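A.B. asks: Going by our numbering, the sequence shown opens with residue 43, and the numbers climb by one from there.
Yeah, the Cβ is synthetic: ideal placement off N, Cα and C, and Gly gets one too.
In this text, all values refer to a predicted model and were calculated from it rather than measured experimentally.
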Amino acid sequence: MAAAKIKKGDIVVVLSGKDKGRSGEVTKSLPKDGKVIVAGINVAVRHRKPDQANPQGGLERREAPLHVSKVAVADPKTGKATRVRFEVRDGKKVRVAVKSGEVISG
Numbered sequence: 043m044a045a046a047k048i049k050k051g052d053i054v055v056v057l058s059g060k061d062k063g064r065s066g067e068v069t070k071s072l073p074k075d076g077k078v079i080v081a082g083i084n085v086a087v088r089h090r091k092p093d094q095a096n097p098q099g100g101l102e103r104r105e106a107p108l109h110v111s112k113v114a115v116a117d118p119k120t121g122k123a124t125r126v127r128f129e130v131r132d133g134k135k136v137r138v139a140v141k142s143g144e145v146i147s148g
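1) Report the three-state DSSP secondary structure of residue 112 (helix, strand or coil).
2) Provide the residue(s) that pair with residue 65 in DSSP beta bridges, ordered along the chain.
3) When you compare the CB of residue 65 with every CB in chain C, is at least one pair closer than 8 Å?
4) Thinking C-alpha only, which one of 95, 90, 52, 108 is nearest residue 101?
5) Helix, strand or coil for residue 77, going by three-state DSSP, please let me know.
6) Residues bridged to residue 135 by DSSP?
7) Who are the Cβ neighbours of residue 124 in its own chain at under 8 Å, not counting the five residues just before and after it?
8) Could you check whether residue 78 and residue 126 sit closer than 8 Å to each other, using their CB atoms as the reference points?
9) Tell me the rounded alpha-carbon separation between residue 97 and residue 68.
10) Let me know the secondary structure DSSP gives residue 43 once reduced to three states.
11) Using DSSP with H/G/I as helix, E/B as strand and the rest coil, what is residue 102?
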């Protein structure tokens with residue numbers, strides 16, 4: 043199993059699709075499916091009929107999963123998309139932004 047380059051809590055930039063260029067925080071990671079859920083990104087709208095739990099019915103908006111290849115970690119220095127590399131610093135394995143060399147927290 044490869045180490046996770048994108049984790050819950052990371053700020054990511056969307057690389058393609060309808061939300062290209064937008065960024066948000068990863069709220070859930072689905073490593074078995076290779077997908078992530080990002081807050082406010084890829085919002086799907088479902089029309090719900092009234093039922094006992096929701097007598098009003100209406101529109102239900104929720105974030106749908108995005109494939110992990112469509113997002114990249116945002117560089118802590120610039121906020122732009124960057125790849126992630128693993129390095130050992132002070133005896134600890136840490137994630138490092140390739141563009142700036144900054145350590146990615148998390």
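C.D. replies: So, from the listed chains and residues:
1) helix
2) 55
3) Looking at the structure shown, chain C is missing, and only one protein chain is on hand.
4) 90
5) strand
6) 130
7) 114, 115, 116, 117, 139, 140, 141, 142
8) no
9) 32 Å
10) Because the pLDDT of residue 43 is 44, which lies under 50, any placement of that residue in the model is unreliable, and the number read from its coordinates should be weighed accordingly. It is coil, neither helix nor strand.
11) strand
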